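Student: Counting from 1, one number per residue, gives the positions in the sequence shown under this note's numbering.
Using N, Cα and C, we set each Cβ at its ideal position, and we do this for glycine too.
Note that the structure is a prediction, hence the values are computed from the model and not measured.
The structure follows.
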Amino acid sequence: MSIDSRKAAAEKILSQPGRYKVCECCGSIVTRKVAVCPNCNAYRFDMEKGSVVDQANLLAKREPMSIEASDYE
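What follows is the structure in structure tokens.
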């Protein structure tokens, strides 16, 4: 995922931070409907809007650091 696409995703999240939450294990941002983090399988989340905003701003500014399924191909 490029920086531009990360910025676009962050803008979407920042427009409605109440619809998202932050995984307390890996820092991924997921929708509130998610029960288990798809990246690390954790189930503890921070649902504070301020935390979502802070994390979205952080992730929009840095290169991706997580391993994706395509990395294994």
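#1: Mind checking which residues open and close the alpha helix (DSSP H) that includes V53?
#2: Can you look up K21 in the DSSP assignment and give me helix, strand or coil?
#3: Got a sec? Which residues, its chain only, sit under 7 angstroms from R19 by beta carbon, not counting five neighbours each side?
#4: What's the call for L59, buried or exposed, on a 16-neighbour Cβ count within 10 Å?
#5: Going by the beta-carbon positions, is the gap between A8 and A56 smaller than 8 angstroms?
#6: Who are V79's beta bridge partners in DSSP?
#7: Which whole-angstrom value is the C-beta distance of S28 and N39, which I expect to be below 8 angstroms?
Tutor: Here's the rundown:
#1: Counting along the chain, the alpha helix (DSSP H) containing V53 begins and ends at 49–61.
#2: DSSP places K21 in strand when its eight states are reduced to three.
#3: Here the set comprises T31, R32.
#4: So L59 ends up on the buried side.
#5: It is not a contact, given that the beta carbons lie outside the stated cut-off.
#6: Since the first residue shown for the chain is 1 and the last is 73, residue 79 is missing from the structure and cannot be characterised.
#7: For S28 against N39, the beta-carbon gap comes to about 5 angstroms, under 8 angstroms, which counts as contact.
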